[in-house]
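K.L.:
Residue numbers (our numbering): 17 to 632. For every residue, glycine included, the Cβ atom is placed at its ideal position computed from N, Cα and C. Here it is, the structure in full.
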């Protein structure tokens, strides 16, 4: 489509009443109707008719919708994309001259302190996101510059000797745990299987060991952005505690810890998504706050959390900065870890004796999945598309590639079908026999991952495909009803009454009395629930990569989206690959694999620069 081509006047993506630059950029698919209306409303409030200012305001409103914290006006002409299938030449759009554009914005009544927009260099922010970024940067910098006072080094050394008796591969884990004790702000970063939760549990044991017998032990909060992740953190800490070399009092305190979502920890109000009971005037009572799966935390949520944590309390962030970031604005963990993630370095060891780098340790040694899978993940992290293709094409026993250019492309989807049917049959047979533990274990044996919910490579398309495979190959299997034996379930909304959380998976079973029950694993035990009590569940024959975060499966098949998919990125491919423990199948052409590796997510933000300085 050319810029002069007439579009359907009833197209819902066209903003009614728009004119000038806003109309041009809306018709080209760069701006949505909401972006245009926000800009028009701000312009009316500020009494400005300057089209360049109105366009800047619309692009600032667009930014968080696409995950950005701000819009870099010096670069936007070369980085913008469309929201529609429109194939307009975006370079031919009438972009304002950047220097003149910035001057006009700087002089605008819409831009400045306590005004709707904020300009920092060439970055233009909505004021609320600017305030959040400043708060997060200032809080982290302040905590990082003032290490925890009163650390009992003798007790710490004794605890380290008991909890980390060996040398070698646990050195970074030991460093991370010690750093969490000594620093008020610390980050334990690393990919799946690098021992993050093992390290967290030991760090908490060391912190509890700092308290003298007569002292009040530190109050610890375990939190995560989702209920599922919070439950997994709780389970992991409890599991590690059972085998750690700690006294009965420390073990009892660790076993008593409960995971919570960040919303519940802060005291959210169902009627207000942005305000919480705990804030800078009503601090959390906790001495230590641990946040797992921090890559999924948005800038605004991080701001609310840090605002609520006492200035003298410890904050320990845990997560993988290479994974997909929050669906909301910001890539907070990636910005915080910054250059510490590169070249195998750890911030606490090498980057900085003070400042934010002193609290960051990046764990590198993978303990959980096969070497070939780890090699693929590491090549993706490096952005080495040639190496990724070479490993996938080598034909190793646990990594396969199906698609144009792949040695196994002649196999079509046979390997995926075989895995889906084998896993599905095991789930169904265990469910028919009432063996809940076996059914849930079989459900975790394989997962088909998609980039999207809809579309040719989406969950909605492939769920009935897998059901058809099972109907064709598993005797007596019947689906299509709401509830049937062997139906794999995924919870889609938190249910605190049932202690089931968004992303939890289970299986419909035949109970001892012949009635159907839904079985879920909870804290190492099996919880059985009447299906009629489940308000929000779907079948989980396939799931999105976003939903899979925080989980791993014995085998994974990942269906790459089309080349023009906005989510086809390095982080998407890395997250999908690292969900597999033993076997990985990548389905898609070489062009899509290369495109993914070569497209790192770049979210406009000033947080990394604020924490690490120029060039970070």
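For residue 146, which of helix, strand or coil comes out of DSSP?
P.N.:
Your numbering for residue 146 matches position 130 in the chain shown. Here residue 146 sits in helix by DSSP.
K.L.:
Answer with buried or exposed for residue 36, where buried requires no fewer than 16 other C-beta atoms within 10 angstroms of its C-beta.
P.N.:
Position 20 of the chain shown, counted from the first residue, corresponds to residue 36. Exposed: under 16 other Cβ atoms inside 10 Å.
K.L.:
Give the range of the alpha helix (DSSP H) segment to which residue 41 is assigned.
P.N.:
In the chain shown, counting from the first residue as 1, residue 41 sits at position 25. Note, residue 41: alpha helix (DSSP H), 36–43.
K.L.:
Pick helix, strand or coil for residue 344, following the three-state DSSP scheme.
P.N.:
For this step, residue 344 is matched to residue 328 along the chain shown. In the structure shown, residue 344 sits in coil (DSSP, three-state: anything other than H, G, I, E or B).
K.L.:
Pull up the distance between the alpha-carbon of residue 247 and that of residue 447, whole angstroms please.
P.N.:
Mapped onto the chain shown, residue 247 falls at position 231. Mapped onto the chain shown, residue 447 falls at position 431. Residue 247 and residue 447 have their C-alpha atoms spaced approximately 24 Å apart.
K.L.:
Straight-line CA distance for residue 463 to residue 407?
P.N.:
Within the chain shown, residue 463 is the residue found at index 447, counting from 1. Within the chain shown, residue 407 is the residue found at index 391, counting from 1. Using only the alpha carbons, I get a separation of about 22 Å.
K.L.:
For residue 79 and residue 87, I'd like the C-alpha separation in whole angstroms.
P.N.:
The residue you call residue 79 lines up with position 63 of the chain shown. The residue you call residue 87 lines up with position 71 of the chain shown. Answer to the nearest angstrom: the Cα atoms are 6 Å apart.
K.L.:
Taking buried to mean at least 16 other C-beta atoms within 10 Å of its own C-beta, is residue 215 buried or exposed?
P.N.:
In the chain shown, residue 215 corresponds to position 199, counting from 1. When all chains shown are included, residue 215 counts as buried.
K.L.:
Where does the unbroken beta strand (DSSP E) through residue 525 begin, and where does it stop?
P.N.:
Within the chain shown, the letter at position 509 stands for residue 525. Start and end: 521–526.
K.L.:
Can you have a look at residue 81 and say buried or exposed, based on whether 16 or more other CB atoms are within 10 angstroms of its CB?
P.N.:
The residue labelled residue 81 in the question sits at position 65 within the chain shown. The residue in question, residue 81, is exposed, as its Cβ has fewer than 16 Cβ neighbours within 10 Å.
K.L.:
Which same chain residues, not among the five before or five after residue 495, have their C-beta less than 6 Å away from its C-beta?
P.N.:
The count along the chain shown starts at 1 and reaches residue 495 at position 479. Result list for residue 495: 483, in chain order.
K.L.:
Here's the rule: buried if 16 or more other CB atoms are within 10 angstroms of the residue's CB, otherwise exposed. What is residue 629?
P.N.:
Here residue 629 refers to the residue found at position 613 when the chain shown is read from its first residue. Residue 629 is exposed by the Cβ-count criterion.
K.L.:
Indicate whether residue 517 and residue 277 have their beta-carbon atoms separated by less than 9 Å.
P.N.:
Against the chain shown, residue 517 aligns to sequence position 501. Against the chain shown, residue 277 aligns to sequence position 261. Taking 9 Å as the Cβ cut-off, residue 517 and residue 277 qualify as a contacting pair.
K.L.:
Please classify residue 61 as buried or exposed, where buried requires at least 16 other C-beta atoms within 10 Å of its C-beta.
P.N.:
As a position in the chain shown, residue 61 is number 45, starting the count at 1. With fewer than 16 Cβ atoms within 10 Å of its Cβ, residue 61 is classed as exposed.
K.L.:
What three-state label does DSSP hand residue 20 in the structure shown?
P.N.:
Sequence index remark: in the chain shown, residue 20 carries index 4 (1-based). With a pLDDT of only 45 at residue 20, under 50, the local geometry of the prediction cannot be trusted, and the value read off the model is given with reservation. It is coil, neither helix nor strand.
K.L.:
Using 8 Å as the Cβ pair cut-off and three pairs as the minimum, do the segment 399–419 and the segment 466–476 touch?
P.N.:
no
K.L.:
I need the straight-line Cα distance from residue 614 to residue 260, nearest angstrom please.
P.N.:
Mapped onto the chain shown, residue 614 falls at position 598. Mapped onto the chain shown, residue 260 falls at position 244. Cα to Cα, residue 614 sits roughly 42 Å from residue 260.
K.L.:
Would residue 350 be called buried (16 or more neighbouring beta carbons within 10 Å of its own) or exposed?
P.N.:
Your numbering for residue 350 matches position 334 in the chain shown. With 16 or more Cβ atoms within 10 Å of its Cβ, residue 350 is classed as buried.
K.L.:
At a cut of 8 Å, does the segment 324–332 reach the segment 297–308 through at least three beta carbon pairs?
P.N.:
yes
K.L.:
Should residue 205 and residue 212 be called a contact, given that it needs their Cβ atoms to be closer than 9 Å?
P.N.:
Taking the chain shown and counting its residues from 1, the one referred to as residue 205 is at position 189. Taking the chain shown and counting its residues from 1, the one referred to as residue 212 is at position 196. A contact, by the Cβ cut-off of 9 Å.
K.L.:
Need the endpoints of the beta strand (DSSP E) that residue 129 sits in, please.
P.N.:
Start at 1 with the first residue of the chain shown, and residue 129 comes out as number 113. Note, residue 129: premise wrong, no beta strand (DSSP E); not H, not E.
K.L.:
Leaving out five residues before and five after residue 580 in sequence, what residues of the same chain have Cβ atoms less than 7 Å from its Cβ?
P.N.:
For this step, residue 580 is matched to residue 564 along the chain shown. So the list is empty, once near-sequence residues are dropped.
K.L.:
For the segment 523–533 against the segment 497–513, do three or more pairs of beta-carbon atoms, one drawn from each stretch, fall closer than 8 Å, so that the two count as touching?
P.N.:
yes
K.L.:
Taking only the alpha-carbon atoms, compute the straight-line gap between residue 550 and residue 50 and give it to the nearest angstrom.
P.N.:
Along the chain shown, read from residue 1 onward, the residue named residue 550 stands at position 534. Along the chain shown, read from residue 1 onward, the residue named residue 50 stands at position 34. Straight-line Cα distance between these residues: approximately 35 Å.
K.L.:
Could you give the distance in angstroms between the alpha-carbon of residue 238 and the alpha-carbon of residue 134?
P.N.:
The count along the chain shown starts at 1 and reaches residue 238 at position 222. The count along the chain shown starts at 1 and reaches residue 134 at position 118. For residue 238 and residue 134, the distance between alpha carbons rounds to 35 Å.
K.L.:
Under the three-state reduction of DSSP, which class applies to residue 559: helix, strand or coil?
P.N.:
The sequence position of residue 559 within the chain shown is 543, counting from 1. Correct three-state label for residue 559: strand.
K.L.:
According to DSSP, which residues form a beta bridge with residue 201?
P.N.:
Here the question's residue 201 lines up with position 185 in the chain shown. Residue 201 pairs with 331.
K.L.:
Once you ignore the five residues that flank residue 107 on each side, which residues in its own chain have a CB closer than 8 Å to its CB?
P.N.:
Against the chain shown, residue 107 aligns to sequence position 91. So the qualifying residues of the chain are 93, 94.
K.L.:
Between the alpha carbons of residue 268 and residue 474, how many angstroms are there, rounded?
P.N.:
As a working note, residue 268 is residue 252 in the chain shown. As a working note, residue 474 is residue 458 in the chain shown. Cα-Cα distance, rounded: 45 Å.
K.L.:
Cα separation between residue 366 and residue 191?
P.N.:
Looking up residue 366 in the chain shown gives position 350. Looking up residue 191 in the chain shown gives position 175. Bear in mind that the predicted position of residue 366 carries a pLDDT of just 46, short of 50, making it too unreliable to give a figure here.
K.L.:
Can you check which of these residues, 392, 146, 568, 89, is closest to residue 130 by C-alpha distance?
P.N.:
For the purposes of this step, residue 130 is taken as residue 114 along the chain shown, with counting starting at 1. Here the closest residue by C-alpha is 146.
K.L.:
Confirm, please, whether the CB-CB distance from residue 83 to residue 343 is below 9 Å.
P.N.:
For the purposes of this step, residue 343 is identified with residue 327 of the chain shown, where counting begins at 1. For the purposes of this step, residue 83 is identified with residue 67 of the chain shown, where counting begins at 1. Yes; because the gap between Cβ atoms is below 9 Å, this pair is in contact.
K.L.:
Using the C-alpha atoms, what's the distance from residue 188 back to residue 359?
P.N.:
Here residue 359 refers to the residue found at position 343 of the chain shown. Here residue 188 refers to the residue found at position 172 of the chain shown. Residue placement at residue 359 cannot be trusted, given a pLDDT of 49 that sits under 50; what the coordinates show is reported in the next sentence. Taking the straight line from one Cα to the other gives about 15 Å.
K.L.:
With distances taken between CB atoms, is the gap from residue 510 to residue 166 smaller than 9 Å?
P.N.:
In the chain shown, the residue the question calls residue 510 occupies position 494. In the chain shown, the residue the question calls residue 166 occupies position 150. No, the pair does not count as a contact, with Cβ atoms beyond the cut-off.
K.L.:
State buried or exposed for residue 173, treating a residue as buried only when at least 16 other CB atoms are found within 10 Å of its CB.
P.N.:
Against the chain shown, residue 173 aligns to sequence position 157. By the neighbour-count rule (16 or more Cβ atoms within 10 Å), residue 173 is not buried but exposed.
K.L.:
Taking just the CA atoms, how far does residue 459 sit from residue 89?
P.N.:
Indexing the chain shown from 1 puts residue 89 at position 73. Indexing the chain shown from 1 puts residue 459 at position 443. If you draw a straight line from the Cα of residue 89 to the Cα of residue 459, it is about 48 Å long.
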